[in-house]
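Counted the way mature numbering (1 follows the signal peptide of the UniProt record, and there is no 0) counts, the sequence shown spans residues -49 to -1, 1 to 514. Heads up, the beta-carbon is just placed ideally off N, CA and C, and yes, glycines get one too.
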Amino acid sequence: MSIEARHGGNLSPQQIRTGRTIPRAVLMTSACVALTGVALMGGVTAAHADDTATTTKHKKAAATVATAATPTQVVATQAQIDALNRQIQALQTQLQALATQQDTNAKAVVESRAAAEKAATAATQIAQQQKVTDPNDNALRLGKGVKLTFGGFIEAASIYRSRNMTADVGTPYASIPLKNSSNYDRGEFRGSARQSRVTMLAESDVGPDTHLGAYFEADFLGVGTASNSGQSNSYVPRLRQGYMTADWKDAGWHLLAGQSFSLVTTNKSGIDPRTEALPMGPDAQYAAGFDWTRNWGVRVVKDWDRKYWLGVALESPQAAITGSTSLVSASYTNTGGSLLNSTANYSTDIAPDLVVKFAAEPGWGHYEVFGLAREFQSRVAGENYTETGFGIGAAAILPVVPKYVDVQLSTMAGQGVGRYGSSSLPDVAVSPYGHLSPITEVTAMAGVIGHPNTDWDLYAYYGLEQADSKAFTVAGKAYGYGNGLAVNTGCYTENSSLACTGNTRSVREATAGFWWKFYHGNMGTMQFGMQGEYIRRDIFQGVGGSPSTDDTVVYTAFRYYPF
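And the structure:
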């Protein structure tokens, strides 16, 4: 039997099953090499037998046999080698095919994974743009992740005052007429929709940690040169707030730039914009004793774990100046120029107001302390003079009955801080020599806010603003603010020919009211509110006594919040 017959003959590449592993192919290669060695050993053995046969007496016959066997063995060995070579080549081809297939599969896996990740990212972005988590959410999604939220309300308000002040929905507390005015014994009724408000909030998450925003708010309490309450009652829009924000939440840094409520204003939560704890009534002047302004500012805030906040703000200055007479020529105001109100006076300010506030929410309640610094500038006899004003304040909101009853407290004291109180008492008085002298003042407000259920909000506040005198007397003549030589003898009789020149010493107010949400659902909120105010204004003691006056005010308001 030939070697081919003993080992099963030649194996073709088609007989090798697809999918053999590389170790099996290596084993087959080793077997082929072993067979080749056996064949070569057979040839050597045959040659050795040929030499042995020549030594016997049948040497010739053996030589003949050997001569006849050698060609057959050579042919068989060569055929077997050729077959093994073909098998080796087939195995090598299969190995190369397997290696190529592995490279192709690996590349396909990488490409498939990249395509899947890209598709998942695109799907997430689309889902974020189209996602609406609240069925009442009225936000619009624009572009690549910009969210627009609209807000505001339509208001139909009415105001009745027992003293005629010729004022709309904001009561000027320090301007209540005295008895010498014909307005003292006349009441006043006005209806107004001008406090109707529109708002828009734009938000965008530009990264997992960075949040950008912009807020705009306007009402119609502006007054144009042709505005009146005659036939058309046409008044103009005005900017209430307009600012941008940037928040880096993980780092706890926050930036605000634009027109907003002052950092002095009490917040409900941290030092976050749009969380101001404003008195709840429809009176656009809020309440006596409440500290606030709305003006330009740049604010930087750092928070620690949303429990502690530290904020620093630079805010647009404006001084409220009283006592314009002096012994020398002085300059401290100018009428409005380009893009300002030409009928108003603007103080000649040299630097922005500086406000620093610290807020804490340790677990129960919200607490604040702040400091305020201001600069007042005048020019006298060719020289500039600057005076510094300052103030300190504190506030707290205490949830005495969580979710039902809150107590709100705030106070401020300082020199040159009158602008920040709702009664707008003066910041500085003009000395006889033309310098600006800051007036000492204190403000305070306490309030109780109740939420007996989701339909009713109840509130009551008591506030005080009181100034000290900043009086100067030269050659028997009164200068400054709150001078005891001011003549008040004409303050008690209507249309008196006597003088009534005293300054406001204090304003006190007690107010209470409610809001009733008689519809609250997917179509917005419609509510009705009433507010009652009792305001008292006291005048500094002067020649003829210390007169006082008061006013009783009743507000009603319907509001519809469609968003």
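Residue i to residue j span [Cα, whole Å]
i	j	result
residue 267	residue 514	32 angstroms
residue 339	residue 422	18 angstroms
residue 130	residue 436	20 angstroms
residue 343	residue 363	6 angstroms
residue 361	residue 97	37 angstroms
residue 305	residue 207	15 angstroms
residue 445	residue 499	14 angstroms
residue 368	residue 255	30 angstroms
residue 484	residue 503	6 angstroms
residue -49	residue 34	Any answer about residue -49 is weak, because its pLDDT of 42 lies below 50 and its placement is not dependable; what the coordinates show is given next. The straight-line gap from Cα to Cα measures roughly 17 angstroms.
residue 346	residue 326	24 angstroms
residue 111	residue 178	22 angstroms
residue 394	residue 158	43 angstroms
residue 235	residue 428	39 angstroms
residue 142	residue 386	43 angstroms
residue 472	residue 102	15 angstroms
residue 398	residue 298	34 angstroms
residue 161	residue 408	36 angstroms
residue 285	residue 271	13 angstroms
residue 276	residue 241	30 angstroms
residue 231	residue 403	15 angstroms
residue 205	residue 223	9 angstroms
residue 156	residue 69	20 angstroms
residue 50	residue 42	12 angstroms
residue 244	residue 123	15 angstroms
residue 175	residue 210	21 angstroms
residue 64	residue 212	51 angstroms
residue 197	residue 170	25 angstroms
residue 482	residue 355	20 angstroms
residue 351	residue 184	45 angstroms
Under the three-state DSSP convention, the category residue i falls into
i	result
residue 66	helix
residue 271	coil
residue 37	helix
residue 359	strand
residue 93	strand
residue 229	coil
residue 369	helix
residue 54	helix
residue 117	coil
residue 44	helix
residue 503	strand
residue 163	strand
residue 235	coil
residue 301	coil
residue 462	strand
residue 192	strand
residue 482	strand
residue 278	coil
residue 49	helix
residue 476	strand
residue 294	coil
residue 533	Given that the chain is displayed from residue -49 to residue 514, the structure contains no residue 533 and the question cannot be resolved.
residue 323	strand
residue 491	coil
residue 285	strand
residue 198	strand
residue 467	strand
6 angstroms CB neighbourhood of residue i in its chain, flanking five on each side removed
i	result
residue 519	Nothing about residue 519 can be reported from this structure: the residues present for the chain run from -49 to 514 only.
residue 479	467 and 509
residue 459	415 and 487
residue 400	357 and 410
residue 168	150, 191 and 192
residue 309	261 and 320
residue 433	420, 422, 454 and 491
Residues bridged to residue i (per DSSP)
i	result
residue 219	According to DSSP, which records beta bridges pairwise, residue 219 is partnered with nothing at all.
residue 61	The partner list for residue 61 (beta bridge, DSSP) is empty, contrary to what the question assumes.
residue 173	187
residue 251	206 and 263
residue 311	259 and 318
7 angstroms CB neighbourhood of residue i in its chain, flanking five on each side removed
i	result
residue 125	374, 375, 376, 455, 458 and 488
residue 229	237
residue 511	104, 105, 475 and 477
residue 257	221
residue 293	286 and 287
Own chain, CB closer than 8 angstroms to residue i, minus 5 neighbours either side, in chain order
i	result
residue 172	119, 120, 121, 145, 146, 186, 189 and 235
Every unbroken beta strand (DSSP E) inside the region 325 to 353 [3 residues or more]: For the region 325 to 353, whole beta strand (DSSP E) runs of length 3 or above, ordered along the chain, are 334 to 352.
Continuous alpha helix (DSSP H) assignments of at least 4 residues falling wholly in the region 379 to 460: None, since the region 379 to 460 contains no complete alpha helix (DSSP H) of that length.
Beta strand (DSSP E) runs wholly inside the region 96 to 159, at least 3 long, in chain order: The region 96 to 159 is shown to contain whole beta strand (DSSP E) runs of 3 or more residues at 97 to 112, 139 to 143 and 148 to 156, in chain order.
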